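Engineer: Taking the numbering used here, the leading residue of the sequence shown gets 10, the next gets one more, and so forth.
For each residue, glycine too, the CB sits at the ideal point set by N, CA and C.
The structure displayed is predicted, hence computed values, not measured ones.
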Amino acid sequence: MNSRLRLIVLSPALRWSVAVVVLIAALAVALWPRHGVHDNGAGDTVGNGSSGPSSTDLVAAQAQAALRPCRKAPGTPARTEHGALAGVRATCLADGRPIDVGAAVAGRPTLVNLWASWCVPCRDELPLLAKYADEHASIDVLEVEVRDQPVDGLEFLTSIGVHLPSVYDADGSVAAALRAPSTLPASYVLDGNGGGHFVADPRVFTSVDAIAAAVHRYGGP
10 MNSRLRLIVL
20 SPALRWSVAV
30 VVLIAALAVA
40 LWPRHGVHDN
50 GAGDTVGNGS
60 SGPSSTDLVA
70 AQAQAALRPC
80 RKAPGTPART
90 EHGALAGVRA
100 TCLADGRPID
110 VGAAVAGRPT
120 LVNLWASWCV
130 PCRDELPLLA
140 KYADEHASID
150 VLEVEVRDQP
160 VDGLEFLTSI
170 GVHLPSVYDA
180 DGSVAAALRA
190 PSTLPASYVL
200 DGNGGGHFVA
210 DPRVFTSVDA
220 IAAAVHRYGG
230 P
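#1: Could you tell me the distance, in whole angstroms, from the CA atom of Ala-87 to the CA atom of Ala-113?
#2: DSSP three-state call for Cys-131: helix, strand or coil?
#3: Should Ala-223 be labelled buried (16 or more other beta-carbon atoms within 10 Å of its own) or exposed?
#4: What separation, rounded to the nearest whole angstrom, lies between the Cα atoms of Ala-95 and Val-171?
#5: Name the residue from Glu-164, Asn-122, Thr-65 whose alpha carbon lies nearest to the alpha carbon of Ala-74.
#6: Given this structure, state the Cα-to-Cα distance separating Ala-105 from Arg-132, to the nearest angstrom.
#7: Let me know the secondary structure DSSP gives Gly-111 once reduced to three states.
#8: Mind listing, in chain order, the continuous alpha helix (DSSP H) runs of no fewer than 4 residues lying wholly within the stretch 127-208?
#9: Are the CB atoms of Pro-230 and Ile-148 nearer to each other than 8 Å?
#10: Look at the alpha carbon of Thr-54 and the alpha carbon of Cys-79, and state the distance between them as a whole number of angstroms.
#11: Taking C-alpha atoms, which residue in Tyr-141, Arg-117, Tyr-197, Lys-140 lies nearest to Val-153?
Shown next, in the form of structure tokens:
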């Protein structure tokens with residue numbers, strides 16, 4: 010009798026405990042998807058989510074970097090219509106405007122260099138390329154940021170004091186057109202007429218003289 014009475018008295022408490030556990034579990038399930046969507050949404054897209062830079066961040070980074078403007082397409086028809094970069098578009102890092110890369114490099118020899126803020130050798134190579142550009146007016150130097158975020162790239166260039174004209178290859182179309190290797194940096198000498206060569210030796214420039222020698226070896230001025 011006492012046992013039966015004790016069971017009857019405890020049963021409501023047990024039911025209450027079970028109800029509390031079920032309620033907590035239901036709340037956890039309800040909240041979990043919302044948290045997951047927030048994390049995923051803050052991933053790869055610039056300016057979308059708490060971890061992505063805002064437009065204000067981008068404008069501030071552009072002002073700090075003070076990059077030289079991207080070269081505009083020549084007034085005459087582009088002679089690169091059959092070149093690898095014909096019709097390939099990218100974003101000018103200096104001001105965010107879209108440009109036709111093939112048209113922008115038409116008619117002038119250009120040394121194109123692919124880089125990223127996470128590329129360790131790029132930190133030493135980019136200042137050398139900037140010095141080379143200052144000393145060699147017969148060829149343009151165009152920097153292409155790949156597999157990166159534009160704000161990260163701008164802050165990186167600011168930190169190393171490089172102001173070369175640069176474009177952001179958001180969708181990888183520039184790298185794909187050039188058949189760029191997966192390792193960075195990667196450089197190409199374009200002749201201004203649609204032709205060009207990948208600089209296989211050296212893969213990383215260690216001096217201004219090495220850049221000049223490679224440009225000459227691969228058909229540049």
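Structural biologist: Result, derived from the coordinates:
#1: With a pLDDT of 46 at Ala-87, under the threshold of 50, the modelled position of that residue is not reliable, and no figure is offered here.
#2: helix
#3: buried
#4: 27 Å
#5: Glu-164
#6: Sequence inspection shows Gly at residue 105; the Ala mentioned does not correspond to that position. Gly-105 and Arg-132: Cα-Cα distance of roughly 23 Å.
#7: helix
#8: 129-144, 159-169, 182-187
#9: yes
#10: Because Thr-54 carries a pLDDT of 29, less than 50, the predicted location of this residue cannot be relied on, and the following value inherits that uncertainty. So the two alpha carbons sit approximately 24 Å from each other.
#11: Tyr-197
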